[in-house]
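The block underneath contains the structure these notes are about, expressed in structure tokens.
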Amino acid sequence: MSRWPLARWPGSYPLALIIALLALVPVGVLFGLASDSAQLFDAHNLRVLTNTLLLMVLTVAGSIVIGVPLAVITAYVQLPWRKLWLILLAAPLAIPSYIGAFTLYAAFGPGGEIENLSGLPTPSVDGLAGATLVMTLYSYPFVMLTTRASLLSLDASLVNAARTLGMTLGASLWRVVLPRAITGITAGGLLVALYTLSDFGTPAIMRLDTFTRVIFVEYNAFGLSQAAMLSLQLLVIVGLVLFLESRVRGNAEKPGRHLTLWPGAGQRLAMLLAVAPVTLLAIVLPLLVFGIWLLREGTGGFEFRYAWNSVHASFLAALAAVVLAVPVAHAAIAGRAGRLMERVTYFGFGVPGIVMGTALVYVGLQLPFLYQTLGLLVLAYVLRFLPLAVGSVRSTAEGLDPGLVKAARLLGASPGEAFRRVTLPLTLRGMVAGGALVFLEAMRELPATLLLGPTGFETLATYLWRVYEAGYFGRAAIPGLLLVLMSALGLALMLSGERRAEFDVTENPQS
1 MSRWPLARWP GSYPLALIIA LLALVPVGVL FGLASDSAQL FDAHNLRVLT
51 NTLLLMVLTV AGSIVIGVPL AVITAYVQLP WRKLWLILLA APLAIPSYIG
101 AFTLYAAFGP GGEIENLSGL PTPSVDGLAG ATLVMTLYSY PFVMLTTRAS
151 LLSLDASLVN AARTLGMTLG ASLWRVVLPR AITGITAGGL LVALYTLSDF
201 GTPAIMRLDT FTRVIFVEYN AFGLSQAAML SLQLLVIVGL VLFLESRVRG
251 NAEKPGRHLT LWPGAGQRLA MLLAVAPVTL LAIVLPLLVF GIWLLREGTG
301 GFEFRYAWNS VHASFLAALA AVVLAVPVAH AAIAGRAGRL MERVTYFGFG
351 VPGIVMGTAL VYVGLQLPFL YQTLGLLVLA YVLRFLPLAV GSVRSTAEGL
401 DPGLVKAARL LGASPGEAFR RVTLPLTLRG MVAGGALVFL EAMRELPATL
451 LLGPTGFETL ATYLWRVYEA GYFGRAAIPG LLLVLMSALG LALMLSGERR
501 AEFDVTENPQ S
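Numbering of the sequence shown is given in UniProt numbering, commencing with residue 1 and proceeding in unit increments.
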């Protein structure tokens, strides 16, 4: 009799398979809920679809228009305080887009903070134009960073050859450099598209009916079936973007001499003037508005238990995500089936928070011991952000020397003992980094927390939303500033990794 096939599976496969199946539960729940709805598509849905696609396309276009030139500047142009420029231009990633939407909505328009302080009338920032502006301001760094990474890996010899043949610098960058960085531009644009599709706070504050906002409205109106149908329609678009993202492949180009551009004083001034509006609107204005509110109203009705609730729930999610990420990451390294399981868990990262929340609300209704509990909220965080922990653990585990485990086995250690005493300690750095990323993303999560938080359980994000709905804008200062501070820690983690990658690419020891 042949052995049972599972006996030949690596030890990490069974757990990884269970986790992958768990990641698919929300989608199965949505299909079950949507089958009770008769409204597959109507005129209202068509308007929602049009608004969603327009917002996505316009935001991607705006992010490319801003992000690509900034990538060229930060990659090639020699400027004073280059690291400061990079940090400043990437800083919008440290501010959740709903905070930017909140502060721009409060600053502009009749009765806005700008008019109150200066007496100058300003146009309102809302609707499709306002949502596009906000989403572009807070998502262009995706394009800038991915394009910059591509640019840093290119050999400058072709540009020098083009210049020798009489081509201007601008034409050389346009016709020689950017076509070779198209993969980075495309990858950044697809990240922007996913971010735009999943965002709830910005369309809601800007009063633009996109899928995320209408799903929340349907849920509050007890239209769970219709919310599920809309969620599935949104997931179709998200799935298409994820498919396109999976087809993007990096350029295989040998590293060479790094391109360096030395601008004159006038060119440096022009760059500063071009960057200033983006920085002022995306960073300075929100911090200034929060500062005004803080001086005007102090701490208001803010209670620091809201911060503790955010930290508590996010820490539990980070801990659970790291525990689940270890078998998934090691299964992905072990073989093709493990890589498929890992890919399935990544689907949760593409599911917008409002969609995840809608599905798990129904799960809670069917399992009363879970409904409106902290455990269900933590589960939502884990399903959404597990890929962050998996990617970090896997990248660390792939760099381990397999000879260490073999040596432990030769010395008499069992597979489990070798894993506990050799593999696990060596992957601890990746586990901590992955847990930190999950923690920071869970702190910022708004829609899933609104739908799944226990009764009376307020986090920084949900308290910010409550004061917006109530019109008590001044009370948003403390939670807004705390969220910006926590998000800045996540940006610091990302930029530290980006700087290490830049060193690897540009280091060229002299022979």
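Glycine included, each C-beta is placed from N, C-alpha and C at the ideal position.
Requested in this report: Starting from the Cα of residue 183, find the closest Cα among 152, 428, 209, 48 and give me that residue.
Outcome: 152
Requested in this report: Let me know if residue 100 comes out buried or exposed under the rule of 16 or more other beta-carbons within 10 Å of its beta-carbon.
Outcome: buried
Report task. Tell me whether residue 467 sits in a helix, a strand or coil according to DSSP, three-state version. Result -> In the structure shown, residue 467 sits in a helix (DSSP, three-state: H, G or I).
Query raised in the report: Where do the N-terminal and C-terminal ends of the alpha helix (DSSP H) with residue 105 fall, by residue?
Result: 97–107
Requested in this report: Take residue 392 and list the residues in its own chain whose beta-carbon comes closer than 7 Å to its own, dropping the five residues that flank it on each side.
Outcome: The beta carbon of residue 392 is closer than 7 Å to those of 430, 433, 434, 437 in its chain, skipping five residues each way along the sequence.
Query - Member of 239, 360, 478, 104 whose CA lies at the smallest distance from the CA of residue 228 - result: 360
Report task. Could you give the DSSP three-state label for residue 479: helix, strand or coil? Result -> Correct three-state label for residue 479: helix.
**Report entry** Rounded separation between residue 445 and residue 54 - CA only
**Finding:** 24 Å
Query raised in the report: Which same chain residues, not among the five before or five after residue 512, have their C-beta less than 7 Å away from its C-beta?
Result: A question about residue 512 goes unanswered here, because the residues of the chain that appear run from 1 up to 511.
Report task. Examine the Cβ distances between the segment 139–150 and the segment 69–79 and report whether three or more of them are shorter than 8 Å. Result -> yes
Query raised in the report: What is the DSSP secondary structure of residue 502, reduced to helix, strand or coil?
Result: Only weak support exists for where residue 502 lies, its pLDDT of 46 falling under 50; the value from the coordinates is given anyway. Correct three-state label for residue 502: helix.
Query - Inter-residue spacing [alpha-carbon to alpha-carbon] between residue 5 and residue 330 - result: Interpretation of residue 5 is limited by its pLDDT of 48, a score under 50 that renders its predicted location unreliable; the figure taken from the coordinates is listed afterwards. Approximately 19 Å, taken between the alpha carbons.
Query raised in the report: To which residues of the same chain is residue 20 closer than 6 Å at the C-beta, ignoring the five residues directly before and after it?
Result: 341, 344, 345
Report task. Decide if the segment 292–311 is in contact with the segment 472–482; the criterion is three or more beta carbon pairs, one per stretch, under 8 Å apart. Result -> yes
**Report entry** Stretch-stretch touch, CB-based, cutoff 8 Å, three pairs: the segment 276–288 with the segment 82–95
**Finding:** yes
Query raised in the report: If we ignore side chains and look at the alpha-carbon of each, how far apart do residue 245 and residue 264 end up?
Result: 39 Å
**Report entry** In chain order, each alpha helix (DSSP H) run of at least 4 residues that lies wholly inside the segment 111–147
**Finding:** Listed in chain order, the complete alpha helix (DSSP H) runs (minimum 4 residues) inside the segment 111–147 are 113–118.
Report task. Could you spell out where the alpha helix (DSSP H) holding residue 441 opens and where it closes? Result -> 428–444
Query - residue 215 and residue 242 closer than 9 Å at C-beta - result: no
Query raised in the report: Would you report the Cα separation of residue 572 and residue 332, rounded to the nearest angstrom?
Result: Residue 572 lies beyond the residue range present for the chain, which begins at 1 and ends at 511; the question has no answer from this structure.
Report task. Could you tell me which of 35, 323, 428, 316 sits nearest to residue 442, measuring between CA atoms? Result -> 316
Requested in this report: If I'm right that residue 460 touches residue 482 with Cβ under 8 Å, what's the distance once you round it to whole angstroms?
Outcome: 6 Å
**Report entry** Burial state of residue 220 (16 or more Cβ within 10 Å)
**Finding:** exposed
Report task. Taking the CB atoms as reference points, tell me whether residue 211 and residue 230 lie closer together than 9 Å. Result -> Yes, these two residues count as a Cβ contact at 9 Å.
Query raised in the report: Do the CB positions of residue 520 and residue 383 come within less than 9 Å of each other?
Result: Here the chain has residues from 1 to 511 only, and residue 520 is not among them.
Query raised in the report: Shortest alpha-carbon distance to residue 310 belongs to which of 374, 266, 272, 354?
Result: Selected option, being the one with the closest Cα: 374.
**Report entry** CA nearest to the CA of residue 180, picked from 190, 195, 147
**Finding:** It is 147 whose Cα lies nearest to the Cα of residue 180.
Report task. Note down the Cα distance separating residue 197 from residue 352, rounded to an integer number of angstroms. Result -> 7 Å
Query raised in the report: Is the beta carbon of residue 236 sitting closer than 9 Å to the one on residue 350?
Result: no
**Report entry** residue 125 vs residue 206 beta-carbon contact at 9 Å
**Finding:** yes
Query raised in the report: Under a three-way DSSP split, which group does residue 50 fall into?
Result: In the three-state reduction of the DSSP assignment, residue 50 falls in the helix class, which pools H, G and I.
Query raised in the report: Which whole-angstrom value is the C-beta distance of residue 208 and residue 131, which I expect to be below 8 Å?
Result: Beta-carbon to beta-carbon, residue 208 and residue 131 are separated by about 5 Å, close enough to satisfy the 8 Å threshold.
Query raised in the report: In the structure shown, what three-state DSSP assignment does residue 221 receive?
Result: coil
Query raised in the report: Helix, strand or coil for residue 90 per DSSP?
Result: In the structure shown, residue 90 falls within a helical segment according to DSSP collapsed to helix, strand and coil.
**Report entry** As assigned by DSSP and simplified to three states, the class of residue 210
**Finding:** Residue 210 falls in the coil class under three-state DSSP.
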